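Engineer: Quick note: the sequence shown, position 362, residue 444 per the working numbering, numbers continuous.
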Amino acid sequence: MATTPTSPDRLAVLEPATEEVLRELPRAGVAETDAAVAAARAAFPTWRDLAPGDRAALLHRLTGHLEAHHEELAVLEARNAGKPLASARGELGMAIATFRYFAAGPERLLGDTIPVAGGVAMTFREPIGVVALITPWNFPLSIASWKMAPALAAGNTVVLKPAELTPLTALRFAELALEAGIPEGVVNVVVGPGRTCGQRLVEHPDVGKVAFTGSTEVGASIAAGAAATIKRVTLELGGKSANVVFADADLEAAALAAPDAVFDNAGQDCCARSRILVQEGALDRFLELMGEAVGRIRVGDPLAEGTTMGPLISAAQRETVASFVPEGAPVAIRGEVPDGPGFWFPPTVLSPVSPGERAATEEIFGPVACVIPFRDEAEAIALANDTIYGLSGSVWTRDGAKALRVARALEAGNLSLNSNSSVRVTTPFGGFKQSGYGRELGPHAMDAYTEVKTVYYRTQES
Ligand code: NDP
Numbered sequence: 083m084a085t086t087p088t089s090p091d092r093l094a095v096l097e098p099a100t101e102e103v104l105r106e107l108p109r110a111g112v113a114e115t116d117a118a119v120a121a122a123r124a125a126f127p128t129w130r131d132l133a134p135g136d137r138a139a140l141l142h143r144l145t146g147h148l149e150a151h152h153e154e155l156a157v158l159e160a161r162n163a164g165k166p167l168a169s170a171r172g173e174l175g176m177a178i179a180t181f182r183y184f185a186a187g188p189e190r191l192l193g194d195t196i197p198v199a200g201g202v203a204m205t206f207r208e209p210i211g212v213v214a215l216i217t218p219w220n221f222p223l224s225i226a227s228w229k230m231a232p233a234l235a236a237g238n239t240v241v242l243k244p245a246e247l248t249p250l251t252a253l254r255f256a257e258l259a260l261e262a263g264i265p266e267g268v269v270n271v272v273v274g275p276g277r278t279c280g281q282r283l284v285e286h287p288d289v290g291k292v293a294f295t296g297s298t299e300v301g302a303s304i305a306a307g308a309a310a311t312i313k314r315v316t317l318e319l320g321g322k323s324a325n326v327v328f329a330d331a332d333l334e335a336a337a338l339a340a341p342d343a344v345f346d347n348a349g350q351d352c353c354a355r356s357r358i359l360v361q362e363g364a365l366d367r368f369l370e371l372m373g374e375a376v377g378r379i380r381v382g383d384p385l386a387e388g389t390t391m392g393p394l395i396s397a398a399q400r401e402t403v404a405s406f407v408p409e410g411a412p413v414a415i416r417g418e419v420p421d422g423p424g425f426w427f428p429p430t431v432l433s434p435v436s437p438g439e440r441a442a443t444e445e446i447f448g449p450v451a452c453v454i455p456f457r458d459e460a461e462a463i464a465l466a467n468d469t470i471y472g473l474s475g476s477v478w479t480r481d482g483a484k485a486l487r488v489a490r491a492l493e494a495g496n497l498s499l500n501s502n503s504s505v506r507v508t509t510p511f512g513g514f515k516q517s518g519y520g521r522e523l524g525p526h527a528m529d530a531y532t533e534v535k536t537v538y539y540r541t542q543e544s
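1) If we ignore side chains and look at the alpha-carbon of each, how far apart do Glu153 and His142 end up?
2) Please report the distance separating the alpha-carbon of Ala110 from that of Ala235.
3) Mapping DSSP to helix, strand and coil, what is Tyr519?
4) Put Lys165 into one of helix, strand or coil per three-state DSSP.
5) For Tyr539, which of helix, strand or coil comes out of DSSP?
6) Compute the Euclidean distance between the alpha carbons of Glu189 and Gly135, then round it to the nearest angstrom.
7) To which residues does DSSP link Trp478 through a beta bridge?
8) Curious, which full-length beta strand (DSSP E) runs of at least 3 residues does the segment 90-129 contain?
9) Going by beta carbon distance, what residues of the same chain come within less than 7 Å of Thr85, once the five residues before and after it are set aside?
10) Using a 10 Å radius around the Cβ and a threshold of 16 neighbouring Cβ atoms, would you call Ile70 buried or exposed?
11) For Pro560, which residues in the same chain have their Cβ closer than 6 Å to its Cβ, ignoring the five residues on either side in sequence?
12) Which ranges would you report for the beta strand (DSSP E) in the segment 152-213 if only whole runs of at least 3 residues count?
13) Cutting at 7 Å between CB atoms, please list the residues of its own chain near Asp545, excluding the five before and the five after it.
14) Assuming Ala336 and Val327 are in contact, meaning their beta carbons sit under 8 Å apart, how far apart are those beta carbons, in whole angstroms?
15) Mind checking whether the beta-carbon of Val270 lies closer than 7 Å to any heavy atom of ligand 1?
16) Where does Ile216 fall in DSSP's three states?
17) Measure the CB-CB distance between Val284 and Val272 and report whether it falls below 8 Å.
18) Gly290 by DSSP, collapsed to three states: which one?
19) Can you tell me where the beta strand (DSSP E) holding Lys30 begins and where it ends?
20) For Glu246 and Leu93, which I take to be in contact (beta-carbon distance under 8 Å), what is that distance rounded to the nearest angstrom?
21) By how many angstroms is the C-alpha of Met372 removed from the C-alpha of Ala340?
22) Quick check: the segment 503-520 against the segment 315-329, are at least 3 beta-carbon pairs closer than 8 Å?
23) Measuring only the C-alpha atoms, how far is Cys452 from Ala305?
24) Quick one: what's got a C-beta closer than 6 Å to Ala324's C-beta in the same chain, skipping five residues either side?
25) If we ignore side chains and look at the alpha-carbon of each, how far apart do Thr128 and Gln361 end up?
26) What do you reckon, is the C-beta of Ala245 under 7 Å from a heavy atom of ligand 1?
Structure, rendered in structure tokens:
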């Protein structure tokens, strides 16, 4: 059990698989946050004014340095976030790929020339200045990289506030950035509570933009707080995504893939397809196949070979998740968990669930899936869209036209047909409705870290 309690000025970072203290850190407050913003502000002109090729070269060097420390970062992430080492390796691989992709950005920050009377107008994409990045604990360094890489490539300096539960890879990242030659003050990390450090970043007059991933509730408070200084904001928030399985689908493929789509990262995934809509007639066979797949999930020590699911992030998260599976809940499938310390929760499938029930409407952020039967295409679309969220989702059918028709009808930012994969470095990612606004990753991500400036040049002789 944890022996070092967190206090106002000390933070005990726990290992969720053991409940032991992994690291003790000083805890930042408003003064440290202000110092980080001041450092970022001081570093901004030099970073902005670097020749694009020089900024690109530094980001390529950073990418190489991260690659050299891939395994070290993956082990740290696996221990701190309680995720299987193989998953942590994959996520860190994506963080590295994200830096590689955006390292090419400084030299591709293009503007337009626009024909106008009397001269020429041209546009420039200018960096915003100091950008605050507030990130969650579920995919710590990979989500931070989605924000940091385009922000830095566009010439901004950053203050990253990771979640207090998982700050370790962010701190190591800052050291690696310095070693790779990124100038002092360009990357700053503040480890402290959201309600003090996060809020200060949102209010700080020298911060030009906040990029946030986390709960819809905190996202709404950030948008409201940022309004006072008209800060730019991008929000990547919660989800309650639908996995729509038609009876004419390759049922085996859909059912075998369904557990991973919701239990990956122990269900602590904003893209989790936690509402599995299955067409009547296919339901029994689907559940039978899904049960076999859930039986193959190995919950246990994140560092052990063969583990496919780790613990939840905290005791509080486990309590929240458990509240969605009360006595008498319709548990159709339940996996195994280890004994002893660790914030374990078994992969659990509830079926059948009515669409209005709490487990079917709220983001659970744990390994609990709801199976909801539907009659036809129209009902599937109505059920899938009956949510405040709109982040991702899947459609499984062998009818190509129906797949596209349903994908177009679903109110979500990232859809997959006969697949559950949502996130790629090279494609835009973000939500509809209360899943947020703005898009990360992909070819246009730097737009969200720049202002468009229009310059008119008179060429006409007077
Ligand atoms: P939060 O939204 O509270 O936390 C996300 C980040 O925001 C953390 O860095 C947190 O800091 C910071 N933060 C918290 N309050 C404020 C504030 N007032 N101003 C500025 N920053 C703030 O998520 P939780 O960790 O509490 O998780 C709760 C639920 O949110 C989950 O169960 C899940 O449903 C959802 N969630 C969704 C995520 C997603 O990927 N979309 C990710 C994480 C959570 P700190 O924690 O250090 O205090």
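Glycine included, each C-beta is placed from N, C-alpha and C at the ideal position.
Note that the structure is predicted; figures quoted are calculated from it, not measured.
Structural biologist: Quick look at the numbers:
1) 19 Å
2) 27 Å
3) strand
4) coil
5) strand
6) 6 Å
7) Val327
8) 92-97, 102-108
9) Confidence at Thr85 is low in this model, with a pLDDT of 46, below 50, so its placement is unreliable and the value that follows should be read with caution. Excluding residues within five positions, the ones whose Cβ falls inside 7 Å are Val103.
10) Residue coverage of the chain in this structure runs from 83 to 544, which leaves residue 70 outside it and unanswerable.
11) Outside the shown range of the chain (83 to 544) lies residue 560, about which nothing can therefore be said.
12) 195-198, 201-209
13) Absent from the structure is residue 545, since the part of the chain shown begins at 83 and ends at 544.
14) 5 Å
15) Rather than Val, the amino acid found at residue 270 in this sequence is Asn. No, the Cβ of Asn270 stays beyond 7 Å of every heavy atom of ligand 1.
16) strand
17) no
18) strand
19) No answer is possible for residue 30: the residues shown for the chain start at 83 and end at 544.
20) 6 Å
21) 7 Å
22) yes
23) 31 Å
24) Arg357, Leu359, Ala466, Gly475
25) 58 Å
26) yes
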